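Data first, discussion second: the structure below is written as structure tokens.
2 protein chains.
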Amino acid sequence: MTKKTSGFDLVLAERNDGTPKSRWLSEALREEIARGRLAAGTRLPATREMAAEYALSRGTVVNAFEQLKAEGYLEGSAGSGTFVSRTLPEELLEVRRPRSLKGQSAGRPPRSALLRLSSYGRRVELFRNFEIRPSRAFRANLPALELFPAALWAKVAAHRLRRVSMSLLLGCEPMGYRPLREAVAGYLGASRGVRCEPGQVAIVSGVQEALELVARLLLNPGDEACMESPGYPGAVSAFRAAGARVMPLSWKGGKLREAGLKGARLVYVTPGHQFPLGTAMSLAERLQLLDWSARSGAAILEDDYDSEFRYRGRPVPALQGLDRRGQVIYTGSFNKVLFPSLRLGYLVMPPELVERVEAAISIGNRHAPLLEQAVLADFVVEGHFGRHLRRMRQVYAERLGVLQESVAARLGGVLEITGIDAGLQTAAWLGRGLEGESAAAAAAKRGVEVTPLSRYCFRGTVREGLHLGFAAFEPKEIRAGVRELGVALEGLLRQ
Amino acid sequence: MTKKTSGFDLVLAERNDGTPKSRWLSEALREEIARGRLAAGTRLPATREMAAEYALSRGTVVNAFEQLKAEGYLEGSAGSGTFVSRTLPEELLEVRRPRSLKGQSAGRPPRSALLRLSSYGRRVELFRNFEIRPSRAFRANLPALELFPAALWAKVAAHRLRRVSMSLLLGCEPMGYRPLREAVAGYLGASRGVRCEPGQVAIVSGVQEALELVARLLLNPGDEACMESPGYPGAVSAFRAAGARVMPLSWKGGKLREAGLKGARLVYVTPGHQFPLGTAMSLAERLQLLDWSARSGAAILEDDYDSEFRYRGRPVPALQGLDRRGQVIYTGSFNKVLFPSLRLGYLVMPPELVERVEAAISIGNRHAPLLEQAVLADFVVEGHFGRHLRRMRQVYAERLGVLQESVAARLGGVLEITGIDAGLQTAAWLGRGLEGESAAAAAAKRGVEVTPLSRYCFRGTVREGLHLGFAAFEPKEIRAGVRELGVALEGLLRQ
Chain A
16 MTKKTSGFDL VLAERNDGTP KSRWLSEALR EEIARGRLAA GTRLPATREM AAEYALSRGT
76 VVNAFEQLKA EGYLEGSAGS GTFVSRTLPE ELLEVRRPRS LKGQSAGRPP RSALLRLSSY
136 GRRVELFRNF EIRPSRAFRA NLPALELFPA ALWAKVAAHR LRRVSMSLLL GCEPMGYRPL
196 REAVAGYLGA SRGVRCEPGQ VAIVSGVQEA LELVARLLLN PGDEACMESP GYPGAVSAFR
256 AAGARVMPLS WKGGKLREAG LKGARLVYVT PGHQFPLGTA MSLAERLQLL DWSARSGAAI
316 LEDDYDSEFR YRGRPVPALQ GLDRRGQVIY TGSFNKVLFP SLRLGYLVMP PELVERVEAA
376 ISIGNRHAPL LEQAVLADFV VEGHFGRHLR RMRQVYAERL GVLQESVAAR LGGVLEITGI
436 DAGLQTAAWL GRGLEGESAA AAAAKRGVEV TPLSRYCFRG TVREGLHLGF AAFEPKEIRA
496 GVRELGVALE GLLRQ
Chain B
16 MTKKTSGFDL VLAERNDGTP KSRWLSEALR EEIARGRLAA GTRLPATREM AAEYALSRGT
76 VVNAFEQLKA EGYLEGSAGS GTFVSRTLPE ELLEVRRPRS LKGQSAGRPP RSALLRLSSY
136 GRRVELFRNF EIRPSRAFRA NLPALELFPA ALWAKVAAHR LRRVSMSLLL GCEPMGYRPL
196 REAVAGYLGA SRGVRCEPGQ VAIVSGVQEA LELVARLLLN PGDEACMESP GYPGAVSAFR
256 AAGARVMPLS WKGGKLREAG LKGARLVYVT PGHQFPLGTA MSLAERLQLL DWSARSGAAI
316 LEDDYDSEFR YRGRPVPALQ GLDRRGQVIY TGSFNKVLFP SLRLGYLVMP PELVERVEAA
376 ISIGNRHAPL LEQAVLADFV VEGHFGRHLR RMRQVYAERL GVLQESVAAR LGGVLEITGI
436 DAGLQTAAWL GRGLEGESAA AAAAKRGVEV TPLSRYCFRG TVREGLHLGF AAFEPKEIRA
496 GVRELGVALE GLLRQ
């Protein structure tokens, strides 16, 4: 449908068959006006004339004109004729495509003449925490997704959706769905020694969001946040985004080096299973931390990220359970036990902080998605969560055993797995002068994914070693991975 | 099971039948130690002796002792005997309950000797955006939840869950599930005149989170953010939490009062349907805003919160579609069209901002829950979303009509509904000297929920009136509500 009107050269865009005629006409005219081909003040053909030219009904043309008048593109009336509006500024006439997304340098704030960023906006940096390539041995932080009972989850979800209530469609308090908060408080009390009432539990999307919330609520730009190095990079990112300086927390001969913590407002620790080294913090160390925190007034943020997976002995109770003064904020998540894209976790806080966290959530995402919370609560209360967890513990213990045996048999003296007994991954020390970075590069060439421990250091250095995930891989993948890793490391040793 | 050991008075807590014996014993001993009834250095009975006393197997006692040694509560060996650890500080011995959640004054930051809040932590205030009481006429911001096709949603969800892929369980990029971002870009382009590529769309939990993200990325403490008064209180909360001063944006005779915007870094508007007055911003006004923004370098945040629901004419295209310089950030949500507890919406941004938003999400919730995103994408792509929207548009148009007729018939001269033609609620002006606050109080006594428009003013005043939601109520509820409101208002007029 490309025609000239009688009054002037007007070439309208083709009509797509699916578009209603009146809408097509108003869009085509709007485009002509925006492109400047219909100048301000131009008189349009009469509706009758236009209808005939474009084989439209007159009503269609009238509708399109009325729409454009309502929007301000056209003006005039049936008697005096219809004109392109004179109030259109030059600016509208120049159609520019949005600037391309390409060609921006990664990791740097973009320069813009128009959008001025806040200090936070300039500071915040991408935490590259997603990976779209298929998983392969020994990617860390991955559970065995192929064993997740998706059909069972679907059944629980369908059951919940069939009897969904108006109130469940409507929303909940910022801190989350009360039955889930109760289930979390009960579960953490029984299995982790966490002491809390459901009112102290907030449902968040996971540990990362918990870190970010706590950082925002407790840290001012310029404040110090302390954590162990090597440590969890997502925490470094969250603290730096808050404008904090991230300083190392360290121990010497079992003693906390308090001098390093002098200015700290917040200390972040992973006592159940140090990230990435996998060690558990001893009771004596925990007590020192609590004692220091009581004297200094700094808060402790305990990230209990994967201590559900303990393969020997009962889990050591959480640091939070030893806290008698309300100094410890505790966080953990369901994402690793169930599936990472779930985005549900918890933040357990001292009573003083409840109102602040509630306020921060209320002006942000308002609350976590409610149907998902209800399905998860059902999954926990009906015992599926516990059963899945116990099953995964067995599977992961077996996989860790396979990794340990294979490495001992194939890589003795070259790679030594630390004596971990929990988690989804382990640290391993490199021997014979090998370095983590070159080892990881050589492994990648043989299709094996390992992370040098040094990459988790934001300060200082760590003994050369690798981070190896084992939970997501079947025994034969683990054995093949160790074999290929062996070839890679031996290649380095021969150089 | 309350017994004395032979060596000393040790009264252990009763064992719950469900608790494994070894776990019960270690927990009971830990509790005794923490309460100070087993003092540091105390020698425990031999495992054999203890087993006999408590009718346990010796292995059970050994396990419990080993666990407590691993945790640091006990020390010693089989040969030398087992002792309560000497490194326990006094602090651990005093069990205090966490401070009560009660007795805190609402709305004020709590005082704490220990947790020092950041400036943000002290600033942020609860935005009371949830309501647990059953809905009744004329609560605003509510869709007709009873008409939401929950069974259909469940079917789409079940279908998606049955064929769930590993990658869907794993996660996605911070900006969201690509097919949903594509569906959003397509939908907004076709129905709202928004010009964007899918790469410019971030999936967030809704408008509120979008406001909060933008406020954080663009506003420094002390900056000015401008918006109309009366306006959306969730925006005021988000901007104030960012430390911004919220200043009024106003018009005089169709002209933007630029003097009031001098210091503004960000202008927040609801051009499709002003909140709460319901008017649409004219093209001339939109162009003035864009022109001012281009000159001043301030960003415009367009909240297109419920313009899907337009009952007369086509929706006026979004301000974003007129933007040629990348000044406009656009947000809207699925929560009102589908159901509020869903928590999925979108933020459409100029290319310059993409990387910053991506970074902010990556260190926060990482990404919106993926299964929900996939189900929503299916719901949109399969046409259910469009069908539901069209159906709701008819229903709401009918309900608005009922409200307009009832008010005209019953309350002429006392209450006058503004000429709105979109949204889930409407403003109504009070006549004969009635005031919003007293009218709302009188209405509440008759079981009718209305909000005085004056409550939405953060600055200045507005003509006396009420905000009335109509979408969530059946015609007979609307008529009954108008009747009761009439009785309430007449009662005030007689006073």
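Order-wise, the sequence lines are chains A and B. FYI, in the numbering used here the residues of the first sequence are 16 to 510. FYI, in the numbering used here the residues of the second sequence are 16 to 510. All C-beta atoms in this analysis are idealised placements derived from N, C-alpha and C, irrespective of residue type, glycine included. For clarity, every value in this text was computed on a predicted model and none was experimentally measured.
For A/M296, no beta strand (DSSP E) segment is defined, and its DSSP state is neither H nor E. B/A169 has a beta carbon lying within less than 7 angstroms of a beta carbon in chain A. In terms of beta-carbon proximity, B/L391 stays away from the interface with chain A, with every pair separated by 7 angstroms or more. Per DSSP, the beta bridge partners of B/S92 are B/G96. Against chain A, a Cβ distance below 7 angstroms from B/R325 picks out nothing, because the smallest value is about 11 angstroms. For A/Y361, no CB of chain B lies under 7 angstroms from its own CB, so it is not counted at the interface with that chain. B/P194 is positioned such that its CB atom lies closer than 7 angstroms to that of B/A392. Membership of B/S348 in the beta strand (DSSP E) is indicated by the continuous run 343-348.
Your pair A/S348 and A/V463 does not check out as a contact, with CB atoms roughly 27 angstroms apart and the cut at 8 angstroms. Exposure of A/L508 is indicated by the presence of fewer than 16 other C-beta atoms within 10 angstroms of its C-beta. When the Cα atoms are used, B/L160 and A/L185 turn out to be separated by approximately 8 angstroms. The alpha-carbon separation between A/L386 and B/A172 amounts to approximately 12 angstroms. DSSP places A/R138 inside the alpha helix (DSSP H), whose first and last residues are 134-138. Under the Cβ criterion of 7 angstroms, A/V396 is not counted among the residues facing chain B. DSSP, reduced to helix, strand and coil, places B/G249 within a helical segment of the structure shown. In the DSSP annotation of this structure, A/Q510 is not part of any alpha helix (DSSP H), being labelled neither H nor E. Secondary structure note for B/P158: it is in no beta strand (DSSP E), with a DSSP letter that is neither H nor E.
Distances from the alpha-carbon of A/A43 to those of A/E64, A/S265, A/Q82 put A/Q82 closest. Proximity of chain A to B/F145 at the Cβ level (cut-off 9 angstroms) is accounted for by L185, G186, C187, E188, P189, S377, R381, H382, in chain order. Here B/L141 is not near A/A375, since their CB atoms are 7 angstroms or more apart. By the Cβ test, the segment 302-309 of chain A is in contact with the segment 264-279 of chain A, since at least three Cβ pairs between them sit closer than 8 angstroms. Under DSSP, the beta-bridge partners assigned to A/R325 are A/A437. Look at the beta carbons and you see the segment 311-331 of chain A touching the segment 340-360 of chain A: at least three pairs across the two are nearer than 8 angstroms.
Each residue's CA atom was taken as its position, placing A/R461 and A/L162 some 27 angstroms apart.
In terms of Cα proximity to B/A70, the closest of B/G446, B/K36, B/L53 is B/K36. A contact is defined here as three or more CB-CB pairs under 8 angstroms, and the segment 189-207 of chain A fails this definition with respect to the segment 444-459 of chain A. Rounded to whole angstroms, the gap between the alpha carbons of A/A423 and B/G379 is 39 angstroms. Here A/V363 is not near A/Q510, since their CB atoms are 7 angstroms or more apart. Between A/L468 and A/G484, the C-beta gap is not smaller than 7 angstroms, which leaves the two residues out of contact.
Separation of A/A166 and A/G438 (C-alpha to C-alpha, rounded to the nearest whole angstrom) is 25 angstroms. Under the three-state reduction of DSSP, B/I432 is assigned to strand. At a cut-off of 7 angstroms between beta-carbon atoms, A/A225 makes no contact with chain B.
For B/L27, no beta strand (DSSP E) run applies, since DSSP gives it neither H nor E. A direct Cα-Cα distance of roughly 10 angstroms separates B/E420 from B/I493. With its beta carbon less than 7 angstroms from one in chain B, A/R231 belongs to the interface. Listed along chain B are L233, R280, G312, A313, A314, each with a C-beta nearer than 9 angstroms to that of A/R131.
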